[in-house]
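What follows is a short report on a single structure.
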Amino acid sequence: MSFLPKPKLHHPKLPTNALGFTRRDYEGAISTLCAGCGHDSISAAIIQACFDLDIEPHRVAKMSGIGCSSKTPDYFLGASHGFNSVHGRMPSVLTGANLANRELIYLGVSGDGDSASIGLGQFAHSLRRGVNMTYIVENNGVYGLTKGQFSATSDKGSKAKKGTINADEPIDLVGMALQLGATYVGRGFSGDKDQLVPLIKGAIRHGGAAFIDCISPCVAFNNHEGSTKSYDFVREHNEAVNRLDVILGRAPITTAYGPGELRDVVQHDGSVLRLRKLHSDYDPTDRVAAMNYLQERKAAGEIVTGLLYVDPEPSDLHASQNTVALPLNRLDDAALCPGAAALARVNAGLR
Amino acid sequence: MVGTHAAADKRDERLRRQFANVNGSGSASANQLFAKSILRMGIPIASRNIFPSNIQGLPTWFEVRVSGEGHLGRRGGVDLMVAMNPQTWDRDVAEIDPGGYLFYDSTKPLPQSKFRADINVIGVPLTQMCNAAYTDSRQRQLFKNIIYVGALSALLQIEPKVIETLLTEQFKGKERLAKSNQDAFHMGRDWALANLECPIGLRLAPSDKVGDRIYVDGNSAAGLGAVYGGATVCAWYPITPSTSLAEGFERYCKRFRTEPETGRKRYAIVQAEDELASIGMVIGASWNGARAFTATSGPGISLMQEFVGLSYFAEIPSVIFDVQRAGPSTGMPTRTQQSDVLAAAYASHGDTKHLVLFPEDPRECFEMGAQAFDLADRFQQPVFVLLDLDIGMNDWLCEPFAWDDSRRMDRGKVMTAEELEAGQVFGRYLDADGDGVPYRTYPGTHPSKGAFFTRGTSRDRFAKYTEQGAAYVDNMQRLLRKFETAKAHVPRPVERPAAQPARAGVLYYGSSSAAMTEALAALEAEGVHLDALRIRAFPFHDDVLDFIARHDKVFVVEQNRDAQLRTLLMTEGGIDAARLVPILHYDGTPITARFIHAAIADKAPVLNVVPMRKAAP
Chain A
2 MSFLPKPKLH HPKLPTNALG FTRRDYEGAI STLCAGCGHD SISAAIIQAC
52 FDLDIEPHRV AKMSGIGCSS KTPDYFLGAS HGFNSVHGRM PSVLTGANLA
102 NRELIYLGVS GDGDSASIGL GQFAHSLRRG VNMTYIVENN GVYGLTKGQF
152 SATSDKGSKA KKGTINADEP IDLVGMALQL GATYVGRGFS GDKDQLVPLI
202 KGAIRHGGAA FIDCISPCVA FNNHEGSTKS YDFVREHNEA VNRLDVILGR
252 APITTAYGPG ELRDVVQHDG SVLRLRKLHS DYDPTDRVAA MNYLQERKAA
302 GEIVTGLLYV DPEPSDLHAS QNTVALPLNR LDDAALCPGA AALARVNAGL
352 R
Chain B
39 MVGTHAAADK RDERLRRQFA NVNGSGSASA NQLFAKSILR MGIPIASRNI
89 FPSNIQGLPT WFEVRVSGEG HLGRRGGVDL MVAMNPQTWD RDVAEIDPGG
139 YLFYDSTKPL PQSKFRADIN VIGVPLTQMC NAAYTDSRQR QLFKNIIYVG
189 ALSALLQIEP KVIETLLTEQ FKGKERLAKS NQDAFHMGRD WALANLECPI
239 GLRLAPSDKV GDRIYVDGNS AAGLGAVYGG ATVCAWYPIT PSTSLAEGFE
289 RYCKRFRTEP ETGRKRYAIV QAEDELASIG MVIGASWNGA RAFTATSGPG
339 ISLMQEFVGL SYFAEIPSVI FDVQRAGPST GMPTRTQQSD VLAAAYASHG
389 DTKHLVLFPE DPRECFEMGA QAFDLADRFQ QPVFVLLDLD IGMNDWLCEP
439 FAWDDSRRMD RGKVMTAEEL EAGQVFGRYL DADGDGVPYR TYPGTHPSKG
489 AFFTRGTSRD RFAKYTEQGA AYVDNMQRLL RKFETAKAHV PRPVERPAAQ
539 PARAGVLYYG SSSAAMTEAL AALEAEGVHL DALRIRAFPF HDDVLDFIAR
589 HDKVFVVEQN RDAQLRTLLM TEGGIDAARL VPILHYDGTP ITARFIHAAI
639 ADKAPVLNVV PMRKAAP
């Protein structure tokens with residue numbers, strides 16, 4: 002919740018995208034989070050992804066719940082409508098918004114308390130329904146706004162800043178998202194922008210329920226020795242299964258590739274997900290294999306990141322609802338109200 | 039042929055008949071057949087299912103009220119009991135008014151002690167007849183119900199042609215079933231004509247009092263109202279007694295909202311994971327410019343509280359149909375009450391007030407079901423439509439639904455891209471017109487103007503976060519101003535003056551209306567004259583407070599324990615408690631005319647009203 006607007010001044014020669022927008026046009030208010038907070042890096046990655054994808058900022062609806070992470074939609078895409086709803090309930094609000102207008106891009110931002118504790122039910126059901134959205138959990142394993150309680154994604158044995166050891170099993174949102182039928186599942190790390198930006202870009206271009214678990218260390222309450230969500234711990238244990246580039250049809254391919262086998266996955270909208278495999282046995286289009294692999298690596302103490310699963314031909318809620326092509330919020334009286342003659346027939350049937 | 043008995047026993051005008059059955063025995067269609075046959079004879083009826091919270095096996099009752107005056111509320115007492123359920127025999131027999139009739143299955147002889155001397159007993163060996171006619175046990179069960187309808191038609195002089203036509207309509211395209219039902223009907227009818235004295239003292243004479251009225255349940259009517267009101271998103275969670283509202287919406291949507299060229303839907307219905315998600319989806323859809331609603335009952339209202347506060351404070355339209363049942367907690371899920379009045383009016387923590395509508399019957403469920411969406415858009419806040427189980431789940435005889443084709447949806451104050459482009463000042467929470475109602479924009483409207491951040495935290499007139507006391511108070515005061523503006527837009531109360539000047543009045547609302555009308559007539563016949571006012575909405579129109587001011591004492595008739603509407607009147611109208619006399623019925627059954635009559639007559643001395651004459655015994 003920023004009290005200060007950001008100054009509009011910027012360098013006259015800032016690069017522009019295909020729509021003529023600069024990166025600054027995708028920014029929001031000044032962040033009020035702690036300096037060094039992982040969440041600000043994720044906001045920056047969202048800004049970069051939207052800029053790269055030539056998205057009109059006002060065609061994005063950004064939704065969130067309550068918590069540090071849920072404040073961030075104020076800090077990016079200032080020209081978009083935002084909705085900071087109630088704790089743990091972003092998914093239902095986003096689902097309703099999506100039903101009303103299928104033409105906007107829906108970006109849901111949540112945290113581990115918001116999605117894995119109070120909102121676990123709504124997290125699960127929005128993925129089950131295949132709502133066309135990008136759902137990002139900024140996962141720091143801790144409650145920041147209330148000053149340092151464990152969250153449901155805290156690892157068992159992890160140490161709090163005040164020394165308590167977490168005794169409860171963690172919830173792995175990525176594992177759940179795979180099981181619940183999300184059609185695009187990734188895990189990123191706020192400290193690795195090169196990995197995160199393409200993950201977000203691929204999710205935005207995905208035509209179904211896209212979920213990204215983004216580990217995002219809390220510098221105030223969960224970045225100490227003994228924490229399993231600190232910058233140091235995540236860097237040491239991060240195992241990326243692949244590196245991703247999102248290639249739009251018209252964009253020239255400029256990325257310099259390192260060693261490793263390349264695999265292209267073409268999404269329904271024509272965007273290409275180009276994956277450089279870092280683990281040769283990993284197939285991101287095999288849901289069952291992905292679930293097995295994650296469990297194996299977790300047992301080995303690794304945090305697996307990258308694009309973990311994608312269904313290139315996803316379905317979505319509007320397909321299962323069989324709604325008309327025109328957004329429901331644009332239907333007029335003639336399309337919605339059956340009128341007096343039809344009502345007379347209803348009356349006749351009730352006598 | 040029945041017309042010759044039009045002037046029969048006076049009691050035919052007060053017939054009230056109760057079937058006692060076992061839930062799940064297939065009796066519902068036989069009950070409907072009986073009820074509709076009376077309607078088709080032009081005689082007004084009121085019918086009610088009284089059922090327990092289970093799937094199959096526990097006793098249920100179906101009650102049909104027939105009155106010469108056309109009263110549609112419950113009267114109280116039973117003139118003819120069709121006792122088909124051994125478990126509740128004693129209670130059923132005890133309920134019959136002296137001189138009334140008991141109809142039962144006489145296959146197994148019952149000891150004399152099981153009967154009463156002051157009633158007429160009619161035995162028909164239904165089981166024996168079924169066993170002789172059918173070999174299949176399912177058929178024996180199903181046709182038993184049609185057989186007793188046949189016997190009743192002879193006893194009460196229901197025209198057989200009417201029932202034959204109804205059976206033909208019901209089994210259209212299934213000729214074999216139609217034939218076997220016709221046969222069973224005549225088996226019962228012929229047996230009664232041959233073995234019983236027909237007709238009995240209660241008989242039905244054709245009439246023309248039904249007119250063009252329709253026979254429909256309030257939940258279906260409200261669902262249809264939502265279709266006419268332009269709702270496109272319905273998010274709900276199954277709960278008795280509201281489930282059939284969402285189902286009614288779906289049924290009418292399938293009929294009226296399917297795009298002819300593509301077969302695709304101009305609506306979306308989501309069965310949510312719980313009531314929190316239901317109202318969340320409604321708020322999300324409304325925020326994004328669709329008309330959206332949920333249907334629920336008391337427990338759902340409790341669960342939705344936090345979101346309702348968001349809808350109020352962030353000023354997002356939401357329409358909530360609450361089909362009330364007996365609370366608190368799980369209460370009596372299949373019994374009726376008007377006990378969510380305060381929960382709806384002040385839902386959520388902090389200072390909140392919401393618009394609440396009180397339909398009296400299915401016709402108003404339809405009208406208010408449509409109007410709720412205009413009010414929600416106009417005032418950008420929650421609108422509750424308070425039905426109850428009695429209106430929602432029972433078929434009521436009511437005036438036909440009406441619609442004016444020149445009517446258009448009132449989408450309220452929505453700023454368009456053109457207006458923004460023309461340079462109109464947009465402050466999401468700015469009171470530009472002085473009526474407390476701000477302008478909003480839909481997401482995605484304009485590339486650079488009109489975007490704002492919606493939040494449940496406090497903000498200034500331009501939607502910027504603030505915790506400054508003055509800005510907070512400014513906003514809270516504007517919300518009050520908006521609520522004041524709404525008073526003139528919600529449905530006005532309906533006044534029914536007494537036949538002669540009265541110093542006392544009575545206020546009532548919702549499903550109490552039919553019983554109230556009858557009670558007023560009975561009281562008037564005894565010389566107790568009361569002006570009556572039916573409240574249709576909260577906030578209270580000035581007419582309500584004027585009405586109270588014009589009378590020394592005002593009865594407030596409600597179906598809850600704590601006199602919730604009275605509390606609301608005292609709180610919002612600053613009315614002295616002593617002037618509002620509560621009349622409360624809350625045992626879970628629909629309020630009866632006899633109850634209201636007795637309760638008011640009992641308290642008449644406090645009014646210094648001297649009865650002019652006693653009614654003839």
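Line by line, the protein sequences are chains A and B.
Just remember that the numbering used here sits 1 ahead of the position in the first sequence, which is counted from 1.
Just remember that the numbering used here sits 38 ahead of the position in the second sequence, which is counted from 1.
Every residue gets a Cβ at the ideal spot worked out from N, C-alpha and C, and that includes glycine.
Buried/exposed call for residue i, threshold 16 Cβ in 10 Å
i: S93/A; result: buried
i: D686/B; result: Residue 686/B is absent from the model: chain B starts at 39 and stops at 655.
i: T372/B; result: buried
i: I254/A; result: Model confidence at I254/A stands at a pLDDT of 49, short of 50, so the residue's coordinates are unreliable and nothing is read from them.
i: T42/B; result: For T42/B, the predicted structure reports a pLDDT of 22, less than 50, and the residue's modelled location is therefore unreliable. A value from the coordinates is still provided. By the 10 Å Cβ count, T42/B comes out exposed.
i: S32/A; result: buried
i: Q150/B; result: exposed
i: T165/A; result: exposed
i: A257/A; result: In this predicted model, A257/A has a pLDDT of only 49, less than 50, meaning its place in the structure is not dependable; the value taken from the coordinates is given anyway. With fewer than 16 Cβ atoms within 10 Å of its Cβ, A257/A is classed as exposed.
i: E596/B; result: buried
i: Q515/B; result: exposed
i: V289/A; result: exposed
Start-to-end residues for the alpha helix (DSSP H) that takes in residue i
i: K63/A; result: K63/A -> not in any alpha helix (DSSP H); beta strand (DSSP E) instead, spanning V61 to S65.
i: M370/B; result: Looking at the DSSP string, M370/B is not in any alpha helix (DSSP H), and its letter there is neither H nor E.
i: E344/B; result: G336 to F351
i: Q220/B; result: E213 to N233
i: G267/B; result: It is not in any alpha helix (DSSP H) - G267/B carries neither H nor E in the DSSP assignment.
i: V379/B; result: V379 to A383
i: T479/B; result: It is not in any alpha helix (DSSP H) - T479/B carries neither H nor E in the DSSP assignment.
Short CB-CB distance (under 8 Å) between residue i and chain A
i: W434/B; result: no
i: Y266/B; result: yes
i: L262/B; result: yes
i: T332/B; result: no
i: A381/B; result: no
i: E311/B; result: yes
i: S486/B; result: yes
Cβ of residue i within 8 Å of any chain B Cβ
i: S281/A; result: no
i: Q322/A; result: yes
i: C69/A; result: no
i: V94/A; result: yes
i: R24/A; result: no
i: N330/A; result: yes
i: M2/A; result: Low per-residue confidence applies at M2/A: pLDDT is 47, beneath 50, and the placement is therefore not dependable, though the value from the model is reported in the following sentence. Closer than 8 Å to some Cβ of chain B, the Cβ of M2/A qualifies, so yes.
i: G340/A; result: yes
i: E57/A; result: yes
i: F84/A; result: yes
i: Q150/A; result: no
Extent of the continuous beta strand (DSSP E) to which residue i belongs
i: R295/B; result: Note, R295/B: premise wrong, no beta strand (DSSP E); not H, not E.
i: W441/B; result: It is not in any beta strand (DSSP E) - W441/B carries neither H nor E in the DSSP assignment.
i: S111/A; result: I106 to G112
i: N1/A; result: Nothing in the structure corresponds to residue 1/A, since chain A is present only between 2 and 352.
i: Q362/B; result: S356 to Q362
i: Y139/B; result: I134 to D143
Nearest-angstrom beta carbon gap, residue j and residue i [assumed within contact, 8 Å]
i: I213/A; j: L200/A; result: 6 Å
i: D53/A; j: G209/A; result: The Cβ separation is near 21 Å, so there is no contact.
i: M292/A; j: Q180/A; result: 7 Å
i: E353/B; j: S386/B; result: At roughly 14 Å, the Cβ-Cβ gap does not stay under 8 Å, so E353/B and S386/B are not in contact.
i: P577/B; j: V528/B; result: 7 Å
Pick out the complete alpha helix (DSSP H) segments inside the segment 556-610 of chain B, 4 residues or longer, and give them in chain order. 580-587
Scan the segment 505-537 of chain B and note each continuous beta strand (DSSP E) run of 3 residues or more that stays entirely inside, going in chain order. 532-534
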